[in-house]
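What follows is one structure encoded as structure tokens, with my remarks underneath.
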Amino acid sequence: MVTRAAAVTREVFGQTLLALGKENPDIVAVGGDLNVSTFAYLFGREFPARFFDLGPAEQNMMSIAAGLAFSGKIPFANTFAVFGTGRPYDQIRVGIAQTGANVKIIGSHSGITVGEDGVSAQAIEDIALMCALPGFHVIVPSDGPETAQAVRVAAKERGPFYLRLSRLATPVLHADGSSFRLGRAEVMRQGLDLTLIACGIMVAAALEAAETLARTGVQARVLNVATLQPLDREAILQAARETGAIVTAEEHYINGGLGSMVASVVAQGYPAPVEMVALHRYAESGAPAQLLAKYGLTAADVERAARRVMTRKGK
Amino acid sequence: MVTRAAAVTREVFGQTLLALGKENPDIVAVGGDLNVSTFAYLFGREFPARFFDLGPAEQNMMSIAAGLAFSGKIPFANTFAVFGTGRPYDQIRVGIAQTGANVKIIGSHSGITVGEDGVSAQAIEDIALMCALPGFHVIVPSDGPETAQAVRVAAKERGPFYLRLSRLATPVLHADGSSFRLGRAEVMRQGLDLTLIACGIMVAAALEAAETLARTGVQARVLNVATLQPLDREAILQAARETGAIVTAEEHYINGGLGSMVASVVAQGYPAPVEMVALHRYAESGAPAQLLAKYGLTAADVERAARRVMTRKGK
Amino acid sequence: MVSVTSDARGAQRSPSPVKASSHGTPTTPSPNYRQLREIARAVRRDILLSITEAGSGHPGGSLSEADILVALYWCVLRHDPRNPAWGDRDRLILSKGHACPGLYTVLAHRGYFPKADLSTFRKLGSHLQGHAKMGTPGVEMSSGSLGQGLSFGVGVALAGRLDGRSYRTYVLLGDGECDEGQVWEAAMSAAHYKVDTLTAIVDRNRIQNDRFTREVMELEPLDAKWRAFGWRVLEIDGHSFPALLRALRQAQETEGQPTVIIARTTKGKGVSFMENNPAFHGRAPTKEQLAQALGEVGFSRAEASAAMKELGFPEAKIAEWTGLMPEG
Amino acid sequence: MVSVTSDARGAQRSPSPVKASSHGTPTTPSPNYRQLREIARAVRRDILLSITEAGSGHPGGSLSEADILVALYWCVLRHDPRNPAWGDRDRLILSKGHACPGLYTVLAHRGYFPKADLSTFRKLGSHLQGHAKMGTPGVEMSSGSLGQGLSFGVGVALAGRLDGRSYRTYVLLGDGECDEGQVWEAAMSAAHYKVDTLTAIVDRNRIQNDRFTREVMELEPLDAKWRAFGWRVLEIDGHSFPALLRALRQAQETEGQPTVIIARTTKGKGVSFMENNPAFHGRAPTKEQLAQALGEVGFSRAEASAAMKELGFPEAKIAEWTGLMPEG
Ligand SMILES: Cc1ncc(C[n+]2csc(CCOP(=O)(O)OP(=O)(O)O)c2C)c(N)n1
Ligand SMILES: Cc1ncc(C[n+]2csc(CCOP(=O)(O)OP(=O)(O)O)c2C)c(N)n1
Ligand SMILES: [Mg+2]
Ligand SMILES: [Mg+2]
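Chains as they are written, first to last, in this note's numbering: chain A, 1 to 315; chain B, 316 to 630; chain C, 631 to 958; chain D, 959 to 1286.
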């Protein structure tokens, strides 16, 4: 399924927003002086009257988005993931989550693969933050095509959405226009020995690990959990029941992310051994690939976790 | 262990801070125009020069606290839990968590028992937020004496602390000066049939549920997990191993709090059935007791969860 | 600009206030100043009643803002209580959401919902939440966390401009609230985008939660701050209807920039022991204090009883509470 | 006020700049203006080298702030590069943390750490993080998230007052950064607490991340904003050492209120294709662009080679990069 093609999810967002803007005049955008980086400038260039740059003033940006939403607009609020979640958190919580406002937050440059900019720019807690808001849709697409569809779904479905995007090009795992269904996990590869559950850039790593495992006779199911909230509990429980062992993989701190949500589901539904591939501390500046290696987020790390969980499975 | 006495944890904080202020001239306080409610005014009245009210400007408050800390002070930043976590989250993250600043954040009026003020004031996501910060000590005391000790420990140990306190008086469960050990869960009651793991106001509810269960012959262990980060993994795993069934109870949203952290520990260490007593949505205005009943956070809810987990335990 | 027809669709703004009933949706348009003062008196009464019944809440800032809200809802806003979602309505956004008893009372008096709801304030199941929340008819924004309303108002006003609608957006802020940096982010952006359909009103009662603003955080020169952020500034007596209506009209006529009205008010206005008293920022009166307060606002036992009845209080409580009032 | 002794403990502030070496810890105190310009030229060179080597980073705002930092670190701050934790040191807090190449270079030139570290900027394992982070000698605050530095500086200054220390606190802010409401929260509180040991310097280069400040978010009248927030305001040419030193001295002499120096600068200063060009806010030059830039800043091939050597570049790269420079 992994092809050689790659796409930058934030660029796909910008292009999709531009297309949506042509289809629906109610779509507007607010930004925080990072519109080139998020590719929202594509929309702003075409629809300057529907685009409001607020400068680095993220609290204002989110509350303005709420005001626009309750006046019939569909605002896409875009900035880096750190500045679109933690910085204006209370504004999101009271103004968007508690009201169910029709605001779509796009957080680009998430995770440690933001790389050289260093820790202040590396969002490793945004999944925890956004999944702590009841009713907020939290989506972490795994590639370009899935991003395009998620952006379209966010525009179409009412209510608050958070989309977590990446700085770098990521391998294309999906055919165009395929697959993304809100709240539904996707089986990327079948297998009955264990399940690798991943989101975002770690889906490709999980697929790679699954191939390596297959070479040693271990058949891993790979589940792409692009919707973190609401979570597809049934798919996770099915994985626990049918494969009896789970590895989670995410570009996020160990607390409050995919791993802990999967653990909650299985502990409440069908206890099974889980191993987690995630971050255990803040990273640092460096080339993304170096950081992934140093902080344990490679396909090899997923594979090692798979072997650990297999030894636990029997017991 | 439950006595008839009650104490307001935020008041105990205020008194302890006052006492600490007399012992250590480096202790200072910053506040956000809620110093009467947090009882920090007791310190401010005695040490006006060491007390800085910043008004409702919580971002400024947290970054000023960081500046004070890196100049040798031990600042206690105090306000309501919502305004001391989500509102200045990025300032806490970059300025305090990523630097390991010696700042102590006191969030009073946490949870839904803030009551009549309604959802904007009810912090039900603060544990998730603060536990998403690597290295942050997150403490949810269960009563007055434990609060007093936790405040003292926070003042003594270097590094960032978050203390989650309550608006209302809570039953006194501990003798003065006893028990609190940073990072260590406390067995409040022995039992081998299942374990009730709770924090904050839900510890008293768990103890009450344990008594009810005991009357029907079910012996529940009760674990008070006052330190949410770093978590006492060993005590939780021991509970899983020795009792084989766990109920978690917290005044917090279901995601990112005690339940999900306990589930992570057992799923990674010793899979066992877990039932969670927690919030599943935003609450509303109302008397605290009414809200606890309506939103499922009573001793009876813990007991019901215990019965559910017991039926699962066998399987 | 002054309009109180109940069908706001056909509403024209007429220059001078005439008359209205002080109860419910006005049957006759345009109250005069005396009538406005009467309305405000009734509003203060019901603020006090609802907070006392709730046993908690924020009387100080509700009483200080009362005249501002009465001026807006009876003379300035184009609105339709029977159709709160009317797309062309003028919007009043209460940013200082803790002072919702003022807003709720005004909305009930204008007929957005039954006055009897006022006695359910802060109770389980009531739509009158402790801090104003969307869903309640007439409430334009969820609040409770200070500093967010002006930004929200900028968004509302920008949407109106995009849609070619002529509605105006008003945002009522506390003075202590202006400590929040977000207020200045919003101010800067409103001037940048030349949002001249936006009017901010600062309830300058000189007290915040714990103490006086000059003690907690000095705001002066407040007018210079707004001016430097690109706003037209009008400073007035916030308890004077002529001054309020004049300033609100001037705001409507301002082009190319937003206007802020710094309304000098008295926190706890109308009740001697609440006036200028930080202690009553966020504390409900006892029933004894209520009785005294109602008397000071100028109500007799009989009038207070009638009002309590309208607010849905049970007979026993009416007798008990009004019984505490001085004779006559 | 001007002091460049390397042992800051005995430092006295003397009124006029004399002379210093442009390399490492100055061996002679008090450089004159010409020497300061030389130092700044070398700083610009090494900013360009380190960003080019990193392949990412923020040249525009590093070049615009260079003269400000040189004035501070060579003539104003009481500091001791051999003892960065000295309790009585003056503090420079870089709030616009993306412009850390400017700070790192100045710190290296003053001897806080080896110049060779500059070629490790943004690389795995380096202490020279992409945004300044505490732990690096001389770095007073972790940054990268705009708007937090002035508040931090208020805390540092308040602590100094409590301890009876005489150090001064300087905070360098971007102009786009002033869009953040937290800057105004900090400004208000600094005036409220009369923190006159605090000086803010705004690098007024009129460009933020994407575009010009007047396009993204109009800041003018910026001086009136600070004045209305209770600050003394000095507005100067931020590339003039006489103006910078005069203003910094005036700030030191101000009592009862904090001072802000609005330093008018040119973003990308010194490099024609970077000057006033938003594209170079956050983009590294190519090696060809570097070669041109080094020439424009006034370095010959030989000088550039020597500098690269000092920064620890390998011979091959030195030959390759300087080979792209014009002859002579
Ligand atoms: C973000 C935030 N911080 C703190 C509070 C707590 N609080 C509630 S009201 C208040 C004081 C507000 O003062 P002001 O704006 O002057 O209100 P008014 O005098 O009009 O009642 C504070 C600090 C809050 N509601 N929101
Ligand atoms: C809170 C926050 N929001 C957004 C950004 C992204 N960002 C980095 S630099 C920058 C522009 C800053 O402009 P300015 O302060 O003028 O910097 P200078 O021109 O001095 O480089 C922005 C928006 C950030 N670092 N922090
Ligand atoms: Mg006030
Ligand atoms: Mg700039």
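Quick reminder that beta carbons are idealized off the backbone N, C-alpha and C, glycines included. This one's a predicted model, so the numbers in the text were calculated from it and none came from an experiment.
C:Asp809 carries a helical assignment under DSSP once its states are collapsed to helix, strand and coil. When the Cα atoms are used, C:Gly727 and B:Ala500 turn out to be separated by approximately 40 Å.
Exposure of B:Ser493 is indicated by the presence of fewer than 16 other C-beta atoms within 10 angstroms of its C-beta.
Between A:Phe180 and A:Ala206, the C-beta gap is not smaller than 8 Å, which leaves the two residues out of contact. Between D:Gly1226 and D:Ser1022, the CB-CB gap stays under 8 Å.
The segment 909 to 924 of chain C makes no contact with the segment 714 to 724 of chain C: fewer than 3 CB pairs, one atom from each, lie closer than 8 Å.
Counting along the chain, the unbroken beta strand (DSSP E) around B:His567 starts and ends at 561 to 568.
Counting only residues of its own chain and dropping the five nearest sequence neighbours on each side, C:Lys939 has a CB closer than 7 Å to the CB of Ile948.
Note that the segment 254 to 274 of chain A does not touch the segment 151 to 170 of chain A; fewer than 3 beta-carbon pairs, one per stretch, sit closer than 8 Å.
Taking each of A:Leu18, A:Gly55, A:Arg304, A:Lys73 in turn and checking the Cα distance to A:Phe47, the smallest one comes out for A:Leu18. Annotation for D:Thr1127: the continuous beta strand (DSSP E) segment containing it runs 1127 to 1132. For chain B, none of the residues of the segment 816 to 832 of chain C brings a beta carbon within less than 7 Å of one of its beta carbons.
Its Cα nearest to that of C:Leu754, the residue B:Ser600 stands out among B:Ser425, B:Ser600, B:Leu612.
Taken through DSSP and simplified to helix, strand or coil, D:Ile1220 comes out as strand. Boundaries of the alpha helix (DSSP H) harbouring B:Met376: 373 to 384, taken from the DSSP string.
Taking the Cβ of D:Lys1225 as the reference point, at least one heavy atom of ligand 4 falls within a distance shorter than 7 Å. Below the 7 Å Cβ cutoff, chain C contributes Ser781, Gln812, Glu815, Ala816, Ser819 as neighbours of A:Asn60, in chain order. Uninterrupted alpha helix (DSSP H) stretches at least 4 residues long and entirely within the segment 682 to 714 of chain C occur at 689 to 701, given in chain order. One finds Val94, Gly95, Gln98, Thr99 in chain A with Cβ atoms closer than 8 Å to the Cβ of C:Ser772, taken in chain order. About 21 Å separates the beta carbon of A:Ala220 from that of A:His252, a gap too long to meet the 8 Å contact definition. Pairing C:Leu941 with C:Pro888 gives a Cβ-Cβ distance that is not under 8 Å.
For C:Thr829, the uninterrupted beta strand (DSSP E) run begins and ends at 828 to 834, by DSSP. With a beta-carbon spacing of about 5 Å, B:Val345 and B:Ala392 fall inside the 8 Å limit used to define contacts. Contact annotation: B:Gly430 and B:Ala602 have beta-carbon atoms nearer than 8 Å. Within 10 angstroms of the beta-carbon of A:His280 lie fewer than 16 other beta-carbons, which makes it exposed. Here D:Val1141 is not near D:Leu1130, since their CB atoms are 8 Å or more apart.
The C-beta of A:Thr311 has fewer than 16 other C-beta atoms within 10 Å across all chains shown, which makes the residue exposed.
Minimum Cα-Cα distance from A:Ile74 among the listed residues A:Gly217, A:Gly32, A:Thr113, A:Gly21 corresponds to A:Gly21.
For secondary structure counted as the alpha helix (DSSP H) over 4 or more consecutive residues, the segment 181 to 263 of chain A holds these complete runs in sequence order: 202 to 215, 233 to 243. In summary, D:Lys1183 is buried, with 16 or more beta-carbon neighbours lying within 10 Å of its beta-carbon over all protein chains present.
Taking C-beta separations shorter than 8 Å and ignoring five residues to either side along the sequence, the partners of B:Thr613 in its chain run Ala520, Leu607, following chain order. Note that the C-beta distance between D:Gly1113 and D:Thr1171 is not below 8 Å. For B:Ala519, the distance from the CB to the nearest heavy atom of ligand 2 is not below 7 Å.
Taking a C-beta cut-off of 9 Å against chain B, the contacting residues of the segment 123 to 150 of chain A are Ile124, Glu125, Asp126, Ile127, Ala128, Leu129, Cys131, Ala132, Leu133, Pro134, Gly135, listed in chain order.
Here DSSP, grouped into helix, strand and coil, assigns B:Gly459 to helix. For A:Leu68, the residues of chain C that pass the 7 Å Cβ criterion are Gly785, Leu788, Ala789, in the order they occur in the chain.
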